[in-house]
Amino acid sequence: MGQSKLRAAAARPWSLLLVCLAGAASAGVMQARAQPDSNGFISIDCGFPGTTGYVDNTTTLSYAPDAAFTDAGENFNISAEYNPRLLRRYENVRSFPDGARNCYTLRSLTAGLKYLLRTSFMYGNYDGLNSPPIFDLYVGVNFWKTVNVSNVNASMILEAIVVAPDDFVQVCLVNTGSGTPFISGLDLRPLKSTLYPQVNETQGLILLGRRNFGPTDNRDVVVRYPNDPYDRVWISMLDTTAWDVISTTMEVKDMHKEYEAPSKVMQTAITPRNASNNIHFFWDWDYEQRSSKDPLPEFVTVMYFSELVSLQGNAVRQFYVNLNGEPWYREGFTPRYLYEDHIFSTNPFGDYTRYDVSINATTNSTLPPIINAIEVFSVIATDNAGTNSQDASAMMAIKEKYRVQKNWVGDPCLERTLKWDGLTCSYPISGSPRITGVNMSFSGLNGEISSTFANLKAVQFVDLSHNNLTGSIPDAFSQLPSLTVLDLTGNQLSGSIPPGLQRKIQDGSLNLIYADNPNLCTDSDSCQTAKGKGKLAIYVAVPIALVLALAVVIALLFSLLRLKRRGSVNNPAKPRNETLKGHVPSGDEQGHSSLHLENRRFTYKDLEMITNNFQRVIGRGGFGYVYEGFLEDGTQVAVKLRSQSSSQGVKEFLTEAQILIRVHHKNLVSMIGYCKDGKYMALVYEYMSEGTLQEHIAGNHLTWRQRLRIALESALGLEYLHKGCNLPLIHRDVKTTNILLNAKLEAKVADFGLSRAFNHISTHVSTNTLVGTPGYVDPEYQATMQPTTKSDVYSFGVVLLELITGKLPILHNPQPTTVIQWTRQHLARGDIEGVLDARMRGNHDVNSVWKATEIALQCTAQASAQRPTMTDVVAQLQECLALEEGRTGGNDATESFYTGGSGDPSFSDNAHVSGQSFDISQRSNGFEIGAGPATR
Numbered sequence: 006m007g008q009s010k011l012r013a014a015a016a017r018p019w020s021l022l023l024v025c026l027a028g029a030a031s032a033g034v035m036q037a038r039a040q041p042d043s044n045g046f047i048s049i050d051c052g053f054p055g056t057t058g059y060v061d062n063t064t065t066l067s068y069a070p071d072a073a074f075t076d077a078g079e080n081f082n083i084s085a086e087y088n089p090r091l092l093r094r095y096e097n098v099r100s101f102p103d104g105a106r107n108c109y110t111l112r113s114l115t116a117g118l119k120y121l122l123r124t125s126f127m128y129g130n131y132d133g134l135n136s137p138p139i140f141d142l143y144v145g146v147n148f149w150k151t152v153n154v155s156n157v158n159a160s161m162i163l164e165a166i167v168v169a170p171d172d173f174v175q176v177c178l179v180n181t182g183s184g185t186p187f188i189s190g191l192d193l194r195p196l197k198s199t200l201y202p203q204v205n206e207t208q209g210l211i212l213l214g215r216r217n218f219g220p221t222d223n224r225d226v227v228v229r230y231p232n233d234p235y236d237r238v239w240i241s242m243l244d245t246t247a248w249d250v251i252s253t254t255m256e257v258k259d260m261h262k263e264y265e266a267p268s269k270v271m272q273t274a275i276t277p278r279n280a281s282n283n284i285h286f287f288w289d290w291d292y293e294q295r296s297s298k299d300p301l302p303e304f305v306t307v308m309y310f311s312e313l314v315s316l317q318g319n320a321v322r323q324f325y326v327n328l329n330g331e332p333w334y335r336e337g338f339t340p341r342y343l344y345e346d347h348i349f350s351t352n353p354f355g356d357y358t359r360y361d362v363s364i365n366a367t368t369n370s371t372l373p374p375i376i377n378a379i380e381v382f383s384v385i386a387t388d389n390a391g392t393n394s395q396d397a398s399a400m401m402a403i404k405e406k407y408r409v410q411k412n413w414v415g416d417p418c419l420e421r422t423l424k425w426d427g428l429t430c431s432y433p434i435s436g437s438p439r440i441t442g443v444n445m446s447f448s449g450l451n452g453e454i455s456s457t458f459a460n461l462k463a464v465q466f467v468d469l470s471h472n473n474l475t476g477s478i479p480d481a482f483s484q485l486p487s488l489t490v491l492d493l494t495g496n497q498l499s500g501s502i503p504p505g506l507q508r509k510i511q512d513g514s515l516n517l518i519y520a521d522n523p524n525l526c527t528d529s530d531s532c533q534t535a536k537g538k539g540k541l542a543i544y545v546a547v548p549i550a551l552v553l554a555l556a557v558v559i560a561l562l563f564s565l566l567r568l569k570r571r572g573s574v575n576n577p578a579k580p581r582n583e584t585l586k587g588h589v590p591s592g593d594e595q596g597h598s599s600l601h602l603e604n605r606r607f608t609y610k611d612l613e614m615i616t617n618n619f620q621r622v623i624g625r626g627g628f629g630y631v632y633e634g635f636l637e638d639g640t641q642v643a644v645k646l647r648s649q650s651s652s653q654g655v656k657e658f659l660t661e662a663q664i665l666i667r668v669h670h671k672n673l674v675s676m677i678g679y680c681k682d683g684k685y686m687a688l689v690y691e692y693m694s695e696g697t698l699q700e701h702i703a704g705n706h707l708t709w710r711q712r713l714r715i716a717l718e719s720a721l722g723l724e725y726l727h728k729g730c731n732l733p734l735i736h737r738d739v740k741t742t743n744i745l746l747n748a749k750l751e752a753k754v755a756d757f758g759l760s761r762a763f764n765h766i767s768t769h770v771s772t773n774t775l776v777g778t779p780g781y782v783d784p785e786y787q788a789t790m791q792p793t794t795k796s797d798v799y800s801f802g803v804v805l806l807e808l809i810t811g812k813l814p815i816l817h818n819p820q821p822t823t824v825i826q827w828t829r830q831h832l833a834r835g836d837i838e839g840v841l842d843a844r845m846r847g848n849h850d851v852n853s854v855w856k857a858t859e860i861a862l863q864c865t866a867q868a869s870a871q872r873p874t875m876t877d878v879v880a881q882l883q884e885c886l887a888l889e890e891g892r893t894g895g896n897d898a899t900e901s902f903y904t905g906g907s908g909d910p911s912f913s914d915n916a917h918v919s920g921q922s923f924d925i926s927q928r929s930n931g932f933e934i935g936a937g938p939a940t941r
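For the sequence shown, position 471 (counting from the first letter as 1) is numbered 476 according to our numbering, and the numbering increases by one without interruption.
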């Protein structure tokens, strides 16, 4: 059989899959529901009209319309010319012309359980444009696959196995500017926790092929539910020119519980037609068809075996399994009679364009080899953290109650460009984002205030002003530990202020704003006696009038504050030039016992006005929260307020204040003023509107030239600390979250609370406490407890590697390692394109990438003596930037943001069978499965 025929033969089973998965008949009708059925299955016919679904005759599964699972999009029928060859599920689609992201929410799941997700797409020229779109598919906040339906009448099915982090899963379609996203079908199937051990909280599997070798009956072309209780779809594969079929009607039992291939699949197997031959088949990874955002080609495979013939006498069936000419299972393998056995890879392997499997009989075998089935997967990373589960569930319930029609789609705090309007989120270094602010003012809200707001345990301000909310104020608000501002102005609320909120108002921890609620009683006693007569009525009316007058004054004050934030009124804060006395940390300006600051000093009341009562949180660290503020001239500032429970104490505060006063460089964040007012301590410094470097690396908002420029500017800031200060400084906590970007994407080093001074003679300081962030800390500093300037160089080298690779300092996939080790392993093979962040997709000067990577590895040398100085780093990065600017002409406008790259080099893999294991190195690139010529 020629090569082209082999590929054609390989393609036929896929087309059968596309047709058979769509098979459905209207044998029954069901009420549309957003809950799993009795099996835990959710089966959705996307774009199906109405509120009732249907039952599939073959599988007996109930398919529901999708209206209960998404609140966006439009229903369409595919073009009539494609209908005759299709069955029911592909006749219609849901299209999403509006919004960057649209999601389906599948609820009532079990957090921590494994689920199989399956999506199907049939374009069928539903929009009359004759142009299939390209768009991205996500599971929650994790990228799944780029959907690229090749032509008008082609179909595409994608399947993933993931762990649900919450009691719901969202499948999201993201518009990438290449056409309107659409979908035909969506399925969810629960799996046992013992199945597919490669799947965990940080790693999922994407199905590339699932083959059932041997069936000859047309009724067995597809095996799925009810024969497979998990509704996996097994497609038959048989090359009659090379293979014979052996089969049984007896049950094949499973004892391992790791994959549970159904008996129906295991009842057939193939064996070479010529008994002296081997079984040979292959799969291809079509590198050219791989999307720029697709996971790097790392594969996991499972091969299934069962003896279906009762062997007599001295008959022996024993064989080796080889992959690309190398032993994949080195020992002779003997399948058991009517029991399912399997060989599987515990870790991904990758970097070949073709994978040739050869199953060869051993010299002891009297019978040819067999194989019953195979599954092949690629790996998907699922380690991105979505919004805190309780916060996300609360906001979804609030959205549903008030039927919010904003961009409230998918994960509430996903990223800046897709974050829900009106929400403020905090993004801790580790853990899930938390919702710290909710602004739903002027949103047309009706009905009572949802008690679900009380589930937002990290929220600091809630603004529900200027709506049409009725009923009473829930006392549950008093249970929110961080709530400081609750604005209920301009509603139709009634009743009295709950006692829990009264107590918080009295102790000063809550600012409740409630003007323009004519039916709201502000005094519980007056509400209870409002029907009294005579003098009592006068005694009651006077306090009410006074309270109302006070409320009007408060409302006017807050109106003025809001106008002030727009620069229309003067800020009443009066900063003063004073001297701040305090302890100077040891080792920092030795011999001085006081800290003299001549910058502007603010009182705590000033800060309340500047920040509008600390309304908007823009960051959080060990020191405490960082708030947005505005000075009297409209200048935007950042106010870092020390929390009373802060892990960084007075010493760190004084250190940072002192350093910010002393250092002045365009690549260091500058301080505008400070506050030391009793127990309150704060720093007021310039506002960096684009947040941290870490956010931009994770969100892929930087070109290669921008990354180099940011690296250079950060290096210049550190060089100034080491060389330009009167008393030089070691930063001690250089990391991507401590490098901030302004509106021009200019980089500035921040957070000097852990810094220490040194003298030019020793170039180090002695400490008895190890500080820094895991992944960035100099190993020599860890061993000696003596940080040096080279400690900062080491940390900067890690930052530079993050900019180059797009990866975090510590990696966990497939095994725990560091970005330093990962990079060195790749460069050992000369694979510089595999090192660079895949999202650059070739838009870079390769020499500049090589040079930048070499600089980073020099910076992260184990011995500090082998590391360059920051002055050397600056000079080399200037050369890197010159190389890249030579390619682009120095113009960022000519560059675009990319999200793709080249393949990953090989690494070690383990294959297991019945408790035995061995090591093997493999390489890969893509996927098509097919039969091949038998090899002797």
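Even glycine gets a Cβ: it sits at the ideal position worked out from N, Cα and C. Keep in mind the model is a prediction, meaning the values are calculated, not measured.
Taking 6 Å as the limit between beta carbons, can you name the residues of its chain near residue i, skipping five residues before and five after?
i, result
"Tyr87", "Gly129, Asn158"
"Arg892", "Asp850"
"Leu316", "none"
"Leu450", "Tyr407, Asn472, Leu474"
"Thr185", "Ser100, Pro102, Pro138"
Which residue marks the beginning of the beta strand (DSSP E) containing residue i, and which one marks its end?
i, result
"Leu336", "Reading the sequence as shown, one finds Glu at residue 336 and not Leu. Looking at the DSSP string, the run of the beta strand (DSSP E) that includes Glu336 is 331–338."
"Trp248", "248–252"
"Ser383", "378–386"
"Val689", "685–691"
"Ile364", "359–366"
List the whole-angstrom C-beta distance separating residue i from residue j, where the pair is believed to meet the contact cut-off of C-beta under 8 Å.
i, j, result
"Ser675", "Glu691", "5 Å"
"Ala397", "Asp171", "7 Å"
"Thr253", "Leu313", "4 Å"
"Gly436", "Gly145", "Incorrect: roughly 16 Å between the Cβ atoms, too far for contact."
"Ala366", "Gln323", "7 Å"
"Leu193", "Ile47", "4 Å"
"Gly104", "Asn496", "Wrong, their Cβ atoms sit about 29 Å apart, outside the cutoff."
"Ala463", "Thr429", "Actually they are not in contact, since the Cβ atoms of Ala463 and Thr429 sit about 10 Å apart, beyond 8 Å."
"Thr860", "Thr793", "What sits at residue 860 in the sequence shown is Ile, not Thr. Not quite, the Cβ-Cβ distance comes to about 19 Å (not below 8 Å), so this is no contact."
"Ala720", "Met875", "6 Å"
"Ile502", "Gly476", "Not quite, the Cβ-Cβ distance comes to about 13 Å (not below 8 Å), so this is no contact."
"Leu121", "Tyr235", "6 Å"
What would DSSP say about residue i, mapped onto helix, strand or coil?
i, result
"Ile615", "helix"
"Val840", "helix"
"Lys645", "strand"
"Asn460", "helix"
"Phe466", "strand"
"Asp480", "helix"
"Leu515", "coil"
"Val739", "coil"
"Glu263", "coil"
"Gln826", "helix"
Does the beta-carbon distance from residue i to residue j come in below 8 Å?
i, j, result
"Val381", "Thr306", "yes"
"Val804", "Val739", "yes"
Taking the continuous alpha helix (DSSP H) assigned at residue i, which residues delimit it?
i, result
"Trp425", "No alpha helix (DSSP H) holds Trp425; DSSP gives it neither H nor E."
"Asn747", "That residue, Asn747, is in no alpha helix (DSSP H); it is neither H nor E in DSSP."
"Met400", "394–407"
"Phe101", "Unbroken run through Phe101: none, as it is neither H nor E."
Please list, in chain order, all residues of the same chain as residue i whose beta carbon is under 7 Å from its beta carbon, the five residues on each side excluded.
i, result
"Arg439", "Asn393, Asp396, Cys430, Ser431, Ala463"
Report yes or no: is there a C-beta of chain C within less than 8 Å of the C-beta of residue i?
i, result
"Thr858", "Note that chain C does not occur in the displayed structure, where there is just one protein chain."
Once you ignore the five residues that flank residue i on each side, which residues in its own chain have a CB closer than 8 Å to its CB?
i, result
"Leu813", "Gly780, Glu807, Val824"
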